[in-house]
Structures are given as C-alpha cells and as structure tokens.
Amino acid sequence: MKVSKKWLNEYVPVEDIDTNSLANKIELSAVEIDGVSRLEDGQKKIVVGHINSLVSHPNSDHLKICQVDVGEEEPYQIVCGAPNVESGQNVIVALPNSWIAGHNKIKKSKMRGEVSMGMICSLQEIGFSESVVPKKYADGIYVLPQDAIPGQPIFSYLGMDEDVIDIDITPNRADLLSIRGVANEVAALYDKKVSFSQPELSEESGSQIADYVEVNAPAELAPTYLMRIIKNVKVAESPLWLQKRLWNAGIRPINNVVDVTNYILMDYGQPLHSFDYDKLETKNIVVRLAQEGEEITTLDDEKRKLSADDIVITNGDVPVALAGTMGGANTQIDDRSQTIALESAVFDGHRIRKTARKEKLHSEASVRFERGINVATVREALDSAAELIAELGDGQIVAGVAGEEHADQSAKKVEISLERINHVLGTELNSQEVKQIFTRLDFGVEEDHGVYTVEIPVRRWDIEIDADLIEEVARLYGYDKLPATLPAGEATPGKYTKVQKAIRETRRLLESAGLDQAISYGLTTPKKAQRFAMEPALQTNLDFPMSSDHTTLRMNLLSGLL
Numbered sequence: 001m002k003v004s005k006k007w008l009n010e011y012v013p014v015e016d017i018d019t020n021s022l023a024n025k026i027e028l029s030a031v032e033i034d035g036v037s038r039l040e041d042g043q044k045k046i047v048v049g050h051i052n053s054l055v056s057h058p059n060s061d062h063l064k065i066c067q068v069d070v071g072e073e074e075p076y077q078i079v080c081g082a083p084n085v086e087s088g089q090n091v092i093v094a095l096p097n098s099w100i101a102g103h104n105k106i107k108k109s110k111m112r113g114e115v116s117m118g119m120i121c122s123l124q125e126i127g128f129s130e131s132v133v134p135k136k137y138a139d140g141i142y143v144l145p146q147d148a149i150p151g152q153p154i155f156s157y158l159g160m161d162e163d164v165i166d167i168d169i170t171p172n173r174a175d176l177l178s179i180r181g182v183a184n185e186v187a188a189l190y191d192k193k194v195s196f197s198q199p200e201l202s203e204e205s206g207s208q209i210a211d212y213v214e215v216n217a218p219a220e221l222a223p224t225y226l227m228r229i230i231k232n233v234k235v236a237e238s239p240l241w242l243q244k245r246l247w248n249a250g251i252r253p254i255n256n257v258v259d260v261t262n263y264i265l266m267d268y269g270q271p272l273h274s275f276d277y278d279k280l281e282t283k284n285i286v287v288r289l290a291q292e293g294e295e296i297t298t299l300d301d302e303k304r305k306l307s308a309d310d311i312v313i314t315n316g317d318v319p320v321a322l323a324g325t326m327g328g329a330n331t332q333i334d335d336r337s338q339t340i341a342l343e344s345a346v347f348d349g350h351r352i353r354k355t356a357r358k359e360k361l362h363s364e365a366s367v368r369f370e371r372g373i374n375v376a377t378v379r380e381a382l383d384s385a386a387e388l389i390a391e392l393g394d395g396q397i398v399a400g401v402a403g404e405e406h407a408d409q410s411a412k413k414v415e416i417s418l419e420r421i422n423h424v425l426g427t428e429l430n431s432q433e434v435k436q437i438f439t440r441l442d443f444g445v446e447e448d449h450g451v452y453t454v455e456i457p458v459r460r461w462d463i464e465i466d467a468d469l470i471e472e473v474a475r476l477y478g479y480d481k482l483p484a485t486l487p488a489g490e491a492t493p494g495k496y497t498k499v500q501k502a503i504r505e506t507r508r509l510l511e512s513a514g515l516d517q518a519i520s521y522g523l524t525t526p527k528k529a530q531r532f533a534m535e536p537a538l539q540t541n542l543d544f545p546m547s548s549d550h551t552t553l554r555m556n557l558l559s560g561l562l
C-alpha cells in the first residue's frame, strides 16, 4: 500500500512531521514499512517544454529536430526520436547537464550531425514505473496538458516531489488498505483529529433508478449490494491531479470513469466496478453462484471456466463480472460509453479468496474483500464516486440507489479490566491513561469500577476479544516502554539426537572434501519441472499455489541446481 504524504495530509495534519519519522512511528506501532521514496530524488534540471516547431532530420528517417520553448529567451534545439512527437505539444525536457533516472546525465551533444540541447523525455526516463504509465504513452514521450507553463519545474507539476510511504499491510490490519484508514491510524499515534468530508450529491429529478436497473442480490453472497446510474457521461482522459494520485499509489491511469473507481478504492478501501449500461441486455442485475463450467471473458481478455463456488454478477442469465475479482469484457467502459452503472458491494470474502486463488487473479479489489472492508462506508464510497464521475464526465446522477444493505454495521462491545491490562503488560497504567488511549483510537469507552466496556468501530473488525484491546493499549503506549520481564523457570539445555548427530557429521565430512550442499525448493514451474526428463511425464500441480513460480512439484533434483 503506497501512501502519499500529501494525500494523507488532507485528512490528518502531518505536513510538519518528518516523513522518515512518520514511517518509523508507524513501523514501531502498527505494521512494517517497505520504504520511503520520492520520484524526484537523484534528478535535476527537468522542466516543461513547448514544441514550437519541428522538421525531419536530414540524416535520419525517424528523428525530428524540434525547436522547444523551455522558458528562456531563445528556444532550444532538441533532436527527438519518439514516434508520437508533434509540434504544439507540451513535453518533459531534460536540460543540458541535467540528471534523469538511473543516474544518467544529459549533455549537449550532436545526433547525426545536428546539435541537441537536451532530451525530450518519456515518463519511464524520469523514473516512472512501466506499470503506471498510460498505455497511449507506453512507447513514446508523455504529452503534458495545455496549461503547463514552459520552464516550470516538472517535479512539482507531476507530483514527483511528494513523499510516498510504502506500507506492508498484515492480514489482520485490512483497515489500513486505504488512505482514510491510514489517516485514522496516524491520528491515533500522534493524538490528532481526522477530518473527512461527506459527498454532496446532486441527483437529477427527472429520472429514477427503478427505470434503469433492478438488483437481486442474496444476502449470503452479497451482504450489501448497491448500484447507481450516471448518464450522459463523456469518457476522457483524467485531469492531471487525479493521474498524479494514481501514479503515486502505483496505479495506471486509464480514463476518468475507471480512474475514479480506483481513486475511491485507494481513498476508502472500497472496491467499485463500473459497467457500460448500454451494453447490458436487460435491466436485471442478479448476483448468484456460477453454474459448473459456465464461462466468462474477463477484462484481461482471458476466457475463464467457472466453478459452482464462484460468485458472478449477471445481466439476466449472462455473466458480466466475476464478483469481487474482475469485470467482464462484454460490459467494459470504453470511449463510447455514455451511461455508467456503478457497483459498490460487500461479497463473501471466503468465496472471493477461493476464486482469486483458482483463477490467479489477486487484484486490489479481491485482496480487500478477502481481508475485510469497512461495511459502514459502502454507500458513502458509492456516492463519492458517482459525484466525481458526474463532475469529471459532465454527467448527471439518476435519482436513487438500487439494491440493499444487509451487512451488520453495529459496533462491537468488548469488556476488559484495568487490572488485566496491567497484569499482562507488566505496567502500572492508571484509568485516565487507558481511557485516553481508547479515545485516541476513536473507540467509545465506559468505565464501571475498573472495568471498561469498549465500543469498537466497524472498520476495526480485527478486534474481537480482550487480548486484542491489550494489544491496542500496548501499541499506543509504546512497545519500547513496556518493562522487560525475564522468563521464570529452570532452563533446559537442548541436545542432538543420534540421527541429527549423524547428519551433521556427514555434512561436515562432505564439506571438508570440497563438496557444496544445495538446498532447493520442492516446488517449481511446469516448464522447469520437465527439464532433464527423457520424455513428457505427468506432473503434480497445486490447486491453490502461493505464487506462479511455485505451482508444480519438482520431478528431479538437477533442475533445482540451475
């Protein structure tokens, strides 16, 4: 989970906190940090440029000689070989003596006899990962919006100056799989207040949701299933602010509709899916279990054969999405889409996990359904997305919401005593200190003769028993402040068995003879498993492998030595 500090600061004030200190605080109290990064690090003298004119290079069939305004008195002549370079574009320019990603220095040079005063860059050349570059710019330079000013530093313009904290979320802390969840955690750690705004919808009065769609979703498969319709939407490229948010979250921008659903996914932790309403054959949306052998072609153009354990979203009898995992290609959003059916739901996490493993589709959405989502914000996330799609796509929101909410949104209550907290932690905390910790966590708390009744927000589904509350107290009090307690009891020295002694002695003798020991993994890929086989043999494959590199039992030891 990549967290932009600038985005986080919109919900909880962290601007004055050093980013590394913030990351260290999170790591000491909550979850591991994989790193802190900033795209601009190691780069300099990269600005916005405007291509005034270009001509073909006299000594090349693919190079262009560009006259580029970089905010100085005279334009720079830059030779560029990108296939999509054109006159009138705003582009990324690395000036002479600049540094770009990969510790590459750009100098004034000659390209086939023509002077080049710098370099027109692609996003990849200034440090962006291939996985986040919009597909239309994957093989060429990135074209900046028309409001870009020549000479403007590119780092602030593209959000490359934002600190990004990469958080490694453990399975029990699914509440941190969103910017708002991280904001709640940071607010508790620093005793600050969060500030979340509510969506303000403007629904069209002349139409009703019932005229467009009817939803049938059994509560045992989808405890909550909601849908909104946004019509007259103009699908286009997202504004730069939204693209920057997605880049820094590690997501590729696609178009304003899909980008909004991904933005809300990262903001709320609520997976959404958008259907092209005009591609639906009926207005009946039915959530059901797939029929054995039923097929669907998903958004990655893979035809998948389903099992009876898979949850599907159907339009009448036709599957249009693999619930909680990936949408169907038959209803995907494209440039011609005008009416959007927007889904926000809670699905059975156990079934989603089985489907994701079977189909090898561990998406951002499936991970959240598997680990648990905040059922209290399913409707709010839907409304926020509908509002933003209507704003960016100049559309109108049809009045009403289809579907029902059956998911339990009531807060859990757990009891614990001050005596037990201090006994387990070895501390001498007083009542006020413990109550303050629960308040910082946004837990409701009532005390009666040293016993606390703690009300847990629905977003913290991981807290079930008093031991969970003790952990929360320890986290916020500080693990480093807990007194060290040596183990009581007599220490028993261990010893090797006869077999263990024989193995170790054999290993020592073989190593002293100059041999090396190789310990290889028992699982490999189907291709590697066939190596050194005289003829194709029957392989043993795992039904639910942990990764694509460990799916098949090895058939010999030699392949593991290479």
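To convert, note that position 143 of the sequence shown is 143 in full-length UniProt numbering; the numbers rise steadily by one, no gaps.
Don't be surprised by glycine CBs; every beta carbon is placed ideally from N, CA and C.
Quick caveat: nothing in here was measured; it's all calculated off a predicted structure.
Where does residue 276 sit, in a helix, a strand or coil, going by DSSP?
In the three-state scheme derived from DSSP, where H, G and I count as helix and E and B as strand, residue 276 is classed as strand.
Alpha-carbon to alpha-carbon, residue 229 and residue 260:
Each residue's Cα considered, the two are about 15 Å apart.
Residue 349 - containing alpha helix (DSSP H), residue span:
Note, residue 349: alpha helix (DSSP H), 349 to 359.
Residue environment, residue 155, which counts as buried when at least 16 other CB atoms sit within 10 Å:
Its Cβ being crowded by 16 or more others within 10 Å, residue 155 is buried.
Give the single residue among 66, 8 and 112 whose Cα lies nearest to the Cα of residue 77.
Selected option, being the one with the closest Cα: 66.
In the DSSP assignment, find the beta strand (DSSP E) that holds residue 50 and state where it starts and stops.
Note, residue 50: beta strand (DSSP E), 44 to 56.
Leaving aside the five residues before and after residue 89 along the sequence, list all residues of the same chain whose C-beta is less than 6 Å from its C-beta, in chain order.
If we look at residue 89 and ignore the five residues flanking it on each side, its Cβ neighbours are 51 and 143.
Applying the criterion that 16 or more other CB atoms from any shown protein chain within 10 Å of the CB defines a buried residue, is residue 583 buried or exposed?
With the chain represented from 1 up to 562, any question about residue 583 goes unanswered, as that position is not in the structure.
For residue 461, the three-state DSSP class (helix, strand or coil)
In the structure shown, the three-state DSSP call for residue 461 is coil.
Apart from the five residues just before and just after residue 150, which ones in its own chain have a Cβ nearer than 7 Å to its Cβ?
48, 49, 50, 69, 70 and 71.
Which whole-angstrom value describes the C-beta separation of residue 46 and residue 91, a residue pair presumed to lie in contact below a C-beta threshold of 8 Å?
Contact between residue 46 and residue 91 does not hold, since their C-beta atoms are separated by about 11 Å, which reaches or exceeds 8 Å.
Would you mind sorting residue 63 into buried or exposed? The rule is 16 or more other CB atoms within 10 Å of its CB.
With 16 or more Cβ atoms within 10 Å of its Cβ, residue 63 is classed as buried.
Give me, in chain order, the residues of the same chain whose beta-carbon lies closer than 8 Å to that of residue 526; leave out the 5 immediate sequence neighbours on both sides.
Once the five neighbours on either side are set aside, the close Cβ partners of residue 526 are 539, 541, 551 and 552.
From 434, 459 and 431, residue whose alpha carbon lies closest to that of residue 410:
Measuring from the Cα of residue 410, the nearest candidate turns out to be 459.
Could you tell me if residue 115 is buried or exposed, where buried requires 16 or more neighbouring beta carbons within 10 angstroms of its beta carbon?
Using a 10 angstroms sphere on the CB of residue 115, the tally of other CB atoms stays under 16, which defines it as exposed.
Report the three-state DSSP secondary structure of residue 108 (helix, strand or coil).
Residue state, collapsed to three classes: coil.
Helix, strand or coil, according to DSSP, for residue 270 in the structure here?
Coil at residue 270, not helix or strand.
Going by the DSSP bridge assignment, what does residue 288 pair with across the sheet?
Paired residue(s): 312.
Confirm, please, whether the CB-CB distance from residue 40 to residue 166 is below 7 Å.
Taking 7 Å as the Cβ cut-off, residue 166 and residue 40 do not qualify as a contacting pair.
Residue 393 versus residue 256: straight-line alpha-carbon distance, rounded:
Going by the C-alpha atoms only, they are around 7 Å apart.
Quick check: what's the CA-CA separation for residue 543 versus residue 358?
The C-alpha of residue 543 lies about 7 Å from the C-alpha of residue 358.
Could you tell me whether the Cβ atoms of residue 54 and residue 98 are closer together than 7 Å?
When the beta-carbon positions are compared, residue 54 and residue 98 stay at least 7 Å from each other.
Say whether the segment 370 to 385 touches the segment 264 to 276, bearing in mind that this needs 3 or more beta-carbon pairs closer than 8 Å, one atom from each stretch.
Touching, yes, given that three or more Cβ pairs across the two stretches are closer than 8 Å.
For residue 18, does the three-state DSSP call read helix, strand or coil?
The answer is coil: DSSP assigns residue 18 none of H, G, I, E or B.
Are there three or more Cβ pairs, one per stretch, closer than 8 Å when the segment 175 to 185 is compared with the segment 25 to 34?
Segments in contact, yes.
By Cβ distance below 7 Å, which residues in the same chain neighbour residue 532 in space, the five residues on each side in sequence not counted?
Taken in chain order, the residues that qualify are 556, 558 and 559.
Taking the alpha helix (DSSP H) that residue 386 falls in, what are its first and last residues?
Counting along the chain, the alpha helix (DSSP H) containing residue 386 begins and ends at 378 to 393.
Can you list, in chain order, the residues of its chain whose CB lies under 6 Å from that of residue 508, leaving out five sequence neighbours each side?
Contacts found: none.
Could you work out which residue in 314, 548 and 461 is closest to residue 173 when comparing CA atoms only?
Nearest of 314, 548 and 461 to residue 173, Cα basis: 461.
Assigned secondary structure, residue 496 (DSSP; H/G/I helix, E/B strand, else coil):
In the structure shown, residue 496 falls within a coil segment according to DSSP collapsed to helix, strand and coil.
Can you give me the Cβ contacts of residue 176 inside the same chain, cut-off strictly under 8 Å, excluding the 5 residues immediately before and after it?
Taken in chain order, the residues that qualify are 1, 30, 31, 167, 169, 182 and 185.
Residues in the same chain with beta-carbon distance under 8 Å from residue 445, minus the five sequence neighbours each way, listed in chain order, please.
Within the same chain, residue 445 has close Cβ partners 435, 438, 439, 452, 453, 454 and 455.
For the segment 201 to 214 against the segment 317 to 333, do three or more pairs of beta-carbon atoms, one drawn from each stretch, fall closer than 8 Å, so that the two count as touching?
Fewer than three beta-carbon pairs drawn from the segment 201 to 214 and the segment 317 to 333 are found closer than 8 Å, and the two stretches are therefore not classed as touching.
Within a Cβ cutoff of 6 Å, which residues of the same chain sit near residue 402, ignoring the five residues on either side of it in sequence?
So the qualifying residues of the chain are 209, 213, 215 and 227.
Residues of its chain near residue 376, where Cβ-Cβ distance is below 8 Å and the 5 sequence neighbours each way are ignored
Around residue 376: 409, 457, 458 and 459.
In angstroms, rounded to a whole number, what distance separates the CA positions of residue 301 and residue 108?
C-alpha separation (whole angstroms): 45 Å.
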